[in-house]
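In UniProt numbering, the protein residues as written are 1 to 530.
Written out as structure tokens, the structure is:
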């Protein structure tokens, strides 16, 4: 009778709490418990939120970048399960759930969590109520995988053993990218082979013979001898001439557009095709600087042609101001889509945006180019000793303006006193920097936007809100960051002036760009090391 009652009590405990065991602690019992947990995944699962005190979401379907983690507790103490993502720089582990203690020796308590698979996670288990850290480990979970984390005592009750085992292997989420890359490489190789074959002599001869025979057949079948046919002279027909395109710029612009469209439509849900929350750089973060650089090059290309055609500067300035106004207004309407359901409300109107920053950058760079282009066009002699760098020397007033703007950015960013924040703070706030500066999101840049535009007129849900749990509004296209956009556009402008001036001196152009790239890479390396 005692054995039957004990077995009945164990079954009731398993049904109520997901705990198995009969007190023997044998390997067969552990295997049965693990098998039962695998079956339980298909019945119920818990997805804890950022705080374990919030209600959990029950589901059995894994989404993209998710995996199951079963935390198995064999000790007689409640465990707090905390997680920190590698993406969250200098963040403390955040509690996501609690694993109850076992009712007795040999029993197992289990809770199933859904974890993120985009980045490496730091897993931490603390006992309650003393909040003693029992174990900490780093692990990168695979998408759609199923894992188990065992927490049990060793021979010494004070020492814990935490091990992760893989129950179901994850899928290869990068397989579509690999296939796409292989297809692109195959197409490129095939096109190169076809081009090489077409350059061979026998292929040229074959093409000429086929073309000649087709032309002969066409002439025979046509009525060339008819007296009614009038052949008009084409000497007086003049084809319209089109300006030469800068093919490198068109190629770069097309590549940037393809990446932009791919990113805007989800990017396959890959994390590197999304904007980084704060620290780091992804492919999506490169699209905007590319377009700013392209815009600077296009400004120089367009305005130089207008001045060569004799268009007055005053008319060019009016056109620049009008385009700036249109671009700014279009940007305001795009980022405030509520105008479709009624008139815009000034109380919650967001002012900064991508097109707004492009408009301001275009205004400054275009005005600088209009002011400097006339002097550059007036220099045609190649005999002066400073001609190899005259495209830069003649722009020295513009360089001075850009350097002054960058000096202002540096001084404001690192010297402006921000209330309740350290000087020169560049962090995301929230739980970043170990939670020491929760309301300092963006440092001086965020403070200027909130002071100048107001908190309700900037972006309310930045990407840092999800990872760093920030509560302060922050606009990534704020006022202070426009200075750096001006610098990027001005560099694009100088690239066009240099390539346009030294069109037939490729060696000189390459050497200048190599020196420029070396200095830029060295500067970036120093910034990273700092």
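For each residue, glycine too, the CB sits at the ideal point set by N, CA and C.
Inter-residue Cα distance where the pair is residue i and residue j
i           : j           : result
residue 316 : residue 370 : 8 Å
residue 88  : residue 432 : 7 Å
residue 465 : residue 184 : 37 Å
residue 365 : residue 408 : 17 Å
residue 435 : residue 428 : 10 Å
residue 447 : residue 111 : 43 Å
residue 444 : residue 417 : 8 Å
residue 256 : residue 162 : 47 Å
residue 102 : residue 127 : 13 Å
residue 84  : residue 152 : 22 Å
residue 225 : residue 260 : Note that residue 225 scores 49 on pLDDT, short of 50, meaning its location in the model is unreliable; the coordinates nonetheless yield the value given after this. In a straight line, the C-alpha of residue 225 is about 58 Å away from that of residue 260.
residue 193 : residue 253 : 27 Å
residue 264 : residue 451 : 31 Å
residue 292 : residue 488 : 6 Å
residue 484 : residue 118 : 30 Å
residue 125 : residue 96  : 11 Å
residue 70  : residue 166 : 10 Å
residue 45  : residue 160 : At residue 45 the pLDDT is 35, less than 50, meaning the model places this residue with poor confidence and gives no usable figure here.
Buried/exposed call for residue i, threshold 16 Cβ in 10 Å
i           : result
residue 250 : exposed
residue 169 : exposed
residue 287 : buried
residue 196 : exposed
residue 278 : buried
residue 176 : exposed
residue 199 : exposed
residue 442 : buried
residue 201 : exposed
residue 164 : exposed
residue 131 : exposed
residue 325 : exposed
residue 440 : buried
residue 270 : buried
residue 79  : buried
residue 403 : exposed
When the options are compared against residue i, the one with the closest alpha-carbon
i           : options            : result
residue 246 : 314, 84, 484, 301  : 301
residue 81  : 135, 277, 478      : 135
residue 535 : 78, 137, 172       : Any question about residue 535 goes unanswered here, given that the chain covers just 1 to 530.
residue 330 : 308, 347, 353, 313 : 353
residue 62  : 113, 202, 438      : 113
residue 474 : 368, 367, 457, 337 : 457
residue 357 : 117, 476, 405, 97  : 476
residue 472 : 462, 481, 92       : 462
residue 93  : 478, 492, 467      : 467
residue 322 : 289, 360, 307      : 360
residue 122 : 320, 108, 109, 137 : 137
residue 500 : 274, 107, 304, 96  : 304
residue 396 : 77, 313, 372, 139  : 372
Element boundaries [alpha helix (DSSP H), containing residue i]
i           : result
residue 180 : 175-198
residue 444 : 443-452
residue 302 : 284-308
residue 110 : Here residue 110 belongs to no alpha helix (DSSP H); instead the beta strand (DSSP E) covers 109-116.
residue 262 : 247-264
N- and C-terminal bounds of the beta strand (DSSP E) containing residue i
i           : result
residue 123 : 121-127
residue 134 : 132-139
residue 97  : 94-99
residue 278 : Premise fails: residue 278 is in no beta strand (DSSP E) and is neither H nor E.
residue 461 : Run containing residue 461: none; DSSP gives neither H nor E here.
residue 81  : 79-85
residue 413 : It is not in any beta strand (DSSP E) - residue 413 instead sits in the alpha helix (DSSP H) that spans 396-415.
residue 167 : 160-168
beta-carbon residue i near the ligand MN non-hydrogen atom, thresh 6 Å
i           : result
residue 363 : Questions concerning the ligand MN fall outside what the structure shown contains, since it holds no ligand whatsoever.
**Request:** At 4 residues or longer, and completely inside the stretch 312-339: list those alpha helix (DSSP H) runs for me, N to C.
**Result:** 313-335
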